[in-house]
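So the structure is just underneath, and the comments pick up after that.
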Amino acid sequence: EAEEDNSKSAAMPSVIPGWFSEISPMWPGEAHSLKVEKILFQGKSDYQNVMVFQSSTYGKVLVLDGVIQLTERDECAYQEMITHLPLCSIPNPKKVLVIGGGDGGVLREVSRHSSVEQIDICEIDKMVVDVSKQYFPDVAVGYNDPRVILHIGDGVAFLKAVPEGTYDAVIVDSSDPIGPAQELFEKPFFESVARALRPGGVVCTQAESIWLHMHIIEDIVSNCRQIFKGSVNYAWTTVPTYPSGVIGFMLCSTEGPPVDFKHPVNPIDADGALSKRPLKFYNSEIHTAAFCLPSFAKKVIDAK
Ligand code: SAM
Numbered sequence: 022e023a024e025e026d027n028s029k030s031a032a033m034p035s036v037i038p039g040w041f042s043e044i045s046p047m048w049p050g051e052a053h054s055l056k057v058e059k060i061l062f063q064g065k066s067d068y069q070n071v072m073v074f075q076s077s078t079y080g081k082v083l084v085l086d087g088v089i090q091l092t093e094r095d096e097c098a099y100q101e102m103i104t105h106l107p108l109c110s111i112p113n114p115k116k117v118l119v120i121g122g123g124d125g126g127v128l129r130e131v132s133r134h135s136s137v138e139q140i141d142i143c144e145i146d147k148m149v150v151d152v153s154k155q156y157f158p159d160v161a162v163g164y165n166d167p168r169v170i171l172h173i174g175d176g177v178a179f180l181k182a183v184p185e186g187t188y189d190a191v192i193v194d195s196s197d198p199i200g201p202a203q204e205l206f207e208k209p210f211f212e213s214v215a216r217a218l219r220p221g222g223v224v225c226t227q228a229e230s231i232w233l234h235m236h237i238i239e240d241i242v243s244n245c246r247q248i249f250k251g252s253v254n255y256a257w258t259t260v261p262t263y264p265s266g267v268i269g270f271m272l273c274s275t276e277g278p279p280v281d282f283k284h285p286v287n288p289i290d291a292d293g294a295l296s297k298r299p300l301k302f303y304n305s306e307i308h309t310a311a312f313c314l315p316s317f318a319k320k321v322i323d324a325k
């Protein structure tokens, strides 16, 4: 009987009447749920299932392969941190590459930096770009910046073709390592990132949750320590609609002018460039605080 119950629940669709539940082998035994007001879009691209729904408390929600990518209410906590942690840590970033990030939120944040001259983005799935422009105009507004050049394709292949030393900063805004983003968590990818950066250039990659994915984080950290000869750091932020409510970032620099990620040298003015949309989450104090780790995580990360 118990077996029968299990098979019933495994077959249950992730949209149960009135609620969306985020069920994945990446977080077994738990599932965060949001109440659905209305499903606005459902499609299948060459790479993944794409869904947008109106939630009752977090605004519109973008879901890829059953996993929440962003909600209107808390996307600021992710987009601002993944962008300004690296860009505020170096003086005068000029050339920036975003891998993934098809929603455009990271572009919106990069565009606050007036020193930046060129923003390349390589997103694998055009459907994510189109859907974001249609349903998330306040996020996809990043595409309106004339410095942005959109490349539709695999980020792994794109980076291999980049001439050595091209970028001041690379931001990897990927989905989880199940599906098209898998290679973005592997050693050869980090090697291409390091090659594509100028000496003293910086990378910031989405690096999962200290509550759920310590084994993945350990692998990323040990790969990065071998590849990035400048500095290697782990930071984190809170995002209520991500599994466990936290998400981390791996921040590394290549050999060259030293980068002290914990002390931003390029602070961003909260009332600056995009004054129509002030920063909601990031400030210089939270930048420094993001690198303080709970003891259990610090122990594992420092040992790698
Ligand atoms: N900011 C949200 C977050 O933290 O989860 C959104 C993540 S963003 C939408 C992740 C993007 O990475 C997706 O649009 C996905 O299509 C893209 N992606 C996955 N694998 C990729 C690859 N190999 N190359 C380029 N983009 C990829």
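Residue numbers (my numbering): 22 to 325.
Note that CB positions come from ideal geometry on N, CA and C, so glycine has one too.
| query | result |
| --- | --- |
| Does any residue of chain C bring its CB to less than 7 Å from the CB of Leu180? | Absence of chain C from the displayed structure is noted, only one protein chain being present. |
| Measure the alpha-carbon distance for Met72 versus Phe282 and round it to whole angstroms. | 36 Å |
| Based on the DSSP secondary-structure assignment, which residues constitute the bridge partners of Met72? | Gln63, Val84 |
| With hydrogens ignored, establish whether the beta-carbon of Ile145 is closer than 6 Å to any heavy atom of the ligand SAM. | yes |
| Using a threshold of 7 Å, state whether the C-beta atoms of Leu333 and Trp40 are closer than that. | Because the chain is modelled from 22 through 325, residue 333 falls outside the range shown and cannot be assessed. |
| Using three-state DSSP, classify Pro264 as helix, strand or coil. | helix |
| If I measure Cβ to Cβ from Ser45 and keep anything under 7 Å in the same chain, skipping five residues before and after, which residues do I get? | Gly87, Val88 |
| Could you have a look at Lys301 and say whether DSSP puts it in helix, strand or coil? | coil |
| Classify Ser42 as helix, strand or coil using the three-state DSSP reduction. | strand |
| Quick check on this structure: which residue in Ile60, Asp67, Val162, Gly222 has the alpha carbon closest to the alpha carbon of Leu272? | Gly222 |
| Indicate the three-state DSSP secondary structure (helix, strand or coil) for Leu314 in the structure shown. | coil |
| State the Cα-Cα distance for the pair Tyr327 and Ser132, rounded to the nearest angstrom. | With the chain covering only 22 through 325, there is no way to say anything about residue 327. |
| Leaving out five residues before and five after Met148 in sequence, what residues of the same chain have Cβ atoms less than 7 Å from its Cβ? | Gly64, Ser66, Val71 |
| By the DSSP assignment, the alpha helix (DSSP H) with Pro158 in it spans what residues? | 158-161 |
| Just reading off the beta strand (DSSP E) that Val169 is part of, what are its end residues? | 169-173 |
| Is it the case that the CB of Val149 approaches a heavy atom of the ligand SAM more closely than 6 Å? | yes |
| My parser needs the beta strand (DSSP E) runs of 3 or more residues fully inside the segment 175-239; what are they? | 188-194, 218-227 |
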